[in-house]
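Residue numbers (my numbering), protein chains in the order written: chain A, 6 to 150; chain B, 150 to 568. See below for the structure under consideration.
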C-alpha cells in the first residue's frame, strides 16, 4: 500500500545507520535543502588503501532524506573512493527502491550530493600547493585548481 | 451559477458544483483541496469567460476599430471597473492590472521606490512577510543604501504592537505589511496601522494577497496608499492580479515597464507617456486573464464577501477545535481563535516531517502545503524548518477537514507505530 514508506524506509528513518560524527574525519560537508529544511552532514574516514574506512552522518529532515543518508552510508562503507565518486542519482533511487515524485527528488538526493561535495572538498584540499607533502611528484605540476 | 441565498451560510456541496475540478476522480475520491492560500480552484464562470474571449473575440485591446477589438476592450476595461468596485476603489484608473501580487509590489519598488527612497531612509516591514513583500525591498534598500526594520511577532503570531510603535519613531518613508499572514493566518489591524504610519509621514503598502479572497476589503476605508492582490487566489486565472494605488501617487510615478500601450506620443529621441492606468500596462496585457478575473470578482460578489468570511471563520473554528482532539500531539501555530486568523491552519506533527505528511495525504487525495510557504524568516523565528498548512475557500467544507484529520491519523499510524 505505502511503498514509499515501507517498513525498511521507516526503519532507517527511526533508527538511522551510522548516525553520529567521526572524531577526525578526512572528508566532511554539510548539505542542506533550504526549501524544506532537510540538512545532512556527511563525514568520512579514508584508509591508506583509498577505501572508506568509516562513515557517519548527522542531520534532520524528512524521512526520505534521512533514510537515503542511512542507506547510502551502509552502501559506501569499505568501498574504494573511486566507486563512491562514481555513484549516481539513479543508484540512490535504486537503494531506496521506490518511485520518488519529482517534488521529493531533492530530498532523496541530498545525501549523495553532500557526500560528493565532501569528497570534492577533500580532493581540492589535497591538490592545494604543499611542496613538502610525502609522495609528491612533480612540484611544478599543474596550476592550482 | 448555483443558486445563492444571501442569508444562508455557504453550502460547500452546492458551491462545488460550480467547480469542474471536483468532477475529477482521484483514486475513487473527490479532491479535498486545502491549499487555496497557494492558489484557488476555478469556477466554471471564470473558465467560460476565458474560453469566450479566446473563442469569440480574441482581439487585442485599445487598438482595433473592428467589432471584436471593441468587444475585447470593453471586456478588459469592464473587468477593471469590476475590480475597482470589488475593492471599494473610488476610481478605476487606480487599478493597474499585473500578473500577481509579486509583480504589483515590484512595480511599486521600481517605479515609486527608486524615485522616493534614498540613502539612510527607512523601510518598515514585519517578520511575517511573504518573500514577495520582502525581497523587492531588500534589493531597493541595498541599491539605495537605505535601512530595513522589522516589526516582530509573538508566540501566537500577533504583531508586537509595542515594537511597531517604537519602530514608527524611526520615521520610515515606507511601511509595508501583509493584511493577512499566509504563514500563520494572522489578521493585522490594517486600518489602525495605516493611520499610525501616516501620522509619522510614511506611505503604506498593504499586501492583500491573502485578504482579498477571504474577507471584504475596502481600500478607501483602509486608507493605504498601495494595495496589492493576486487574481489567481480570488478564483481568477493564473496571470491575473492588480495593484491599487492613489491616483495622485500613480500620476507622479515614472513608468515601470515601457514600450507600447503606455505611451502617448513617440519620437525617435523622446516619448511622452500615457495617462494612468495605461502608463503602467506596457505591451499587450493578459487580456484573457483580466476578463477571467472580472468573472471571478462577479462570482464572489454574488456570494458576498461577508458570507465568505463567515464561512471560513466557521471552518477555521471547526479545525482549531477538532484537530487537537482527533490528532493527538498536533501543534497548531499562530493565533488561538478563528476570528484572529480565518482561513489558514498551520501545523506540525511530532512524528513526521511536513513533506512526508503531504506525500501521504496526497495518497488520500488531500492536498495541503508543506514547507516554509515563502516565509523563511517567519519559520526561522518559529525555529521550524517546515510546517504543514491547510487553507480554505468557498468550496471548502467540514468534510475536507475531517479527511485531513483522518489522513493525519494515518500518518501517525505509519510513523508512530512500534519500532
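We treat Cβ as the ideally placed atom computed from N, Cα and C, and that holds for glycine. Predicted model, so just to flag it, every value in this text is computed and none were measured.
- Identity of the residue in 85(A), 101(A), 66(A) and 64(A) nearest residue 77(A) by Cα: Taking the Cα of residue 77(A) as reference, the smallest distance to any Cα among 85(A), 101(A), 66(A) and 64(A) is reached at 101(A).
- Beta-carbon proximity list for residue 564(B), same chain, < 6 Å, skipping 5 on both sides: Cβ contact annotation for residue 564(B) (same chain, cutoff 6 Å, sequence separation greater than five): 500 and 501, in chain order.
- Message: Give me, in chain order, the residues of the same chain whose beta-carbon lies closer than 6 Å to that of residue 526(B); leave out the 5 immediate sequence neighbours on both sides.
- Response: Only 276 meet the Cβ criterion.
- Task: Consider the Cβ of residue 42(A): report whether some Cβ of chain B lies at a distance smaller than 8 Å.
- Result: Yes, residue 42(A) counts as interfacial toward chain B.
- Item | Nonlocal neighbours in the same chain, by C-beta distance under 8 Å from residue 10(A), ignoring five residues either side | The residues are 68.
- Which residue comes first and which comes last in the alpha helix (DSSP H) that contains residue 349(B)? Note, residue 349(B): premise wrong, no alpha helix (DSSP H); not H, not E.
- Item | residue 551(B): contacting residues in chain A (beta-carbon distance under 7 Å) | None at all; the shortest Cβ gap to chain A is about 21 Å.
- Based on Cα-Cα distance, which residue from 221(B), 295(B) and 282(B) lies nearest to residue 252(B)? Here the closest residue by C-alpha is 282(B).
- Using a Cβ cut-off of 9 Å, which residues of the stretch 66-81 of chain A contact any Cβ in chain B, in chain order? Those would be 66, 67, 68, 69, 70 and 71, in chain order.
- Query: Any residues in the stretch 499-511 of chain B with a beta carbon nearer than 8 Å to a beta carbon of chain A? Which ones, in chain order?
  - Reply: For the stretch 499-511 of chain B, which is checked against every Cβ of chain A, the residues closer than 8 Å are 501, 502, 503, 504, 505, 508 and 509.
- Query: Should residue 101(A) be flagged as near chain B, meaning a C-beta pair shorter than 8 Å?
  - Reply: It does not: the Cβ of residue 101(A) has no partner Cβ on chain B nearer than 8 Å.
- Task: In the DSSP assignment, find the beta strand (DSSP E) that holds residue 543(B) and state where it starts and stops.
- Result: Where residue 543(B) is concerned, there is no enclosing beta strand (DSSP E), given that its DSSP letter is neither H nor E.
- Query: Looking at the structure shown, is residue 482(B) part of a helix, part of a strand, or coil, going by DSSP?
  - Reply: DSSP places residue 482(B) in strand when its eight states are reduced to three.
- Task: Return the first residue and the last residue of the alpha helix (DSSP H) that residue 530(B) is part of.
- Result: Taken as a continuous stretch (DSSP letters only), the alpha helix (DSSP H) holding residue 530(B) covers 525-531.
- Query: beta strand (DSSP E) containing residue 402(B): first to last residue?
  - Reply: Segment: none, residue 402(B) is in no beta strand (DSSP E) and carries neither H nor E.
- If you check the beta carbons only, do residue 261(B) and residue 164(B) fall under 8 Å apart? No. Outside cutoff.
- State the Cα-Cα distance for the pair residue 538(B) and residue 55(A), rounded to the nearest angstrom. For residue 538(B) and residue 55(A), the distance between alpha carbons rounds to 47 Å.
- Query: Any C-beta of chain A sitting closer than 8 Å to the C-beta of residue 563(B)?
  - Reply: Interface with chain A (8 Å Cβ-Cβ cutoff): residue 563(B) is included.
- Task: Taking all protein chains shown into account, decide if residue 73(A) is buried (16 or more other Cβ within 10 angstroms of its Cβ) or exposed.
- Result: Around the Cβ of residue 73(A), a 10 Å sphere holds 16 or more other Cβ atoms; the residue is buried.
- Item | Element boundaries [beta strand (DSSP E), containing residue 35(A)] | It spans 32-38 - the beta strand (DSSP E) in which residue 35(A) sits, taken as one unbroken run.
- Message: Just to confirm, is the Cβ distance from residue 331(B) to residue 186(B) under 8 Å?
- Response: Yes, they are a contact pair.
- Task: Measuring only between beta-carbons, confirm whether residue 15(A) sits less than 8 Å from chain B.
- Result: So, interface residue.
- Task: Using a Cβ-Cβ cut-off of less than 7 Å, list which residues of the stretch 105-136 of chain A approach chain B; keep chain order.
- Result: Those would be 109 and 112, in chain order.
- Task: Rank 391(B), 385(B), 416(B) and 430(B) by C-alpha distance to the C-alpha of residue 403(B) and give the top, closest one.
- Result: Each of 391(B), 385(B), 416(B) and 430(B) was checked against the Cα of residue 403(B), and the nearest Cα belongs to 430(B).
- Residue closest to residue 241(B), alpha-carbon to alpha-carbon, out of 230(B), 250(B), 248(B) and 235(B): Ranking 230(B), 250(B), 248(B) and 235(B) by Cα distance to residue 241(B) puts 230(B) first.
- Task: Helix, strand or coil for residue 406(B), going by three-state DSSP, please let me know.
- Result: If DSSP states are grouped into helix, strand and coil, residue 406(B) belongs with coil.
- Item | Backbone CA spacing between residue 386(B) and residue 370(B) [nearest angstrom] | The alpha-carbon atoms of residue 386(B) and residue 370(B) are separated by roughly 27 Å.
- CA-to-CA distance, residue 314(B) to residue 107(A), given in whole angstroms: So the alpha carbons of these two residues sit roughly 46 Å apart.
- Run down chain A in chain order and give the residues with a C-beta less than 7 Å from the C-beta of residue 520(B). Chain A residues near residue 520(B): 40 and 41.
- Report the rounded CA-to-CA distance for residue 145(A) versus residue 91(A), giving the unit in angstroms. Reliability of the predicted coordinates at residue 145(A) is poor, the pLDDT of 42 falling under 50, and the value obtained from them is presented with this limitation in mind. Approximately 29 Å, taken between the alpha carbons.
- Under a CB-based cut-off of 8 Å, is residue 526(B) close to chain A? No, residue 526(B) does not count as interfacial toward chain A.
- Task: Would you please verify whether the beta carbon of residue 535(B) is less than 8 Å from any beta carbon of chain A?
- Result: Closer than 8 Å to the CB of residue 535(B) there is at least one CB belonging to chain A.
- Close Cβ partners of residue 114(A) (< 8 Å) along its chain, the five nearest in sequence each way excluded: Hits under 8 Å: 73, 94 and 97.
- Query: Is the number of C-beta pairs between the stretch 333-349 of chain B and the stretch 486-498 of chain B that are closer than 8 Å three or more?
  - Reply: A contact exists between the stretch 333-349 of chain B and the stretch 486-498 of chain B.
- Query: Comparing the C-beta of residue 34(A) with each C-beta of chain B, is any distance below 8 Å?
  - Reply: Contacts with chain B at 8 Å (Cβ-Cβ) do not include residue 34(A).
- Message: Taking a contact to mean a Cβ-Cβ separation below 8 Å, would you say residue 129(B) touches residue 316(B) in this structure?
- Response: Outside the shown range of chain B, which is 150 to 568, sits residue 129(B), and nothing can be said about it.
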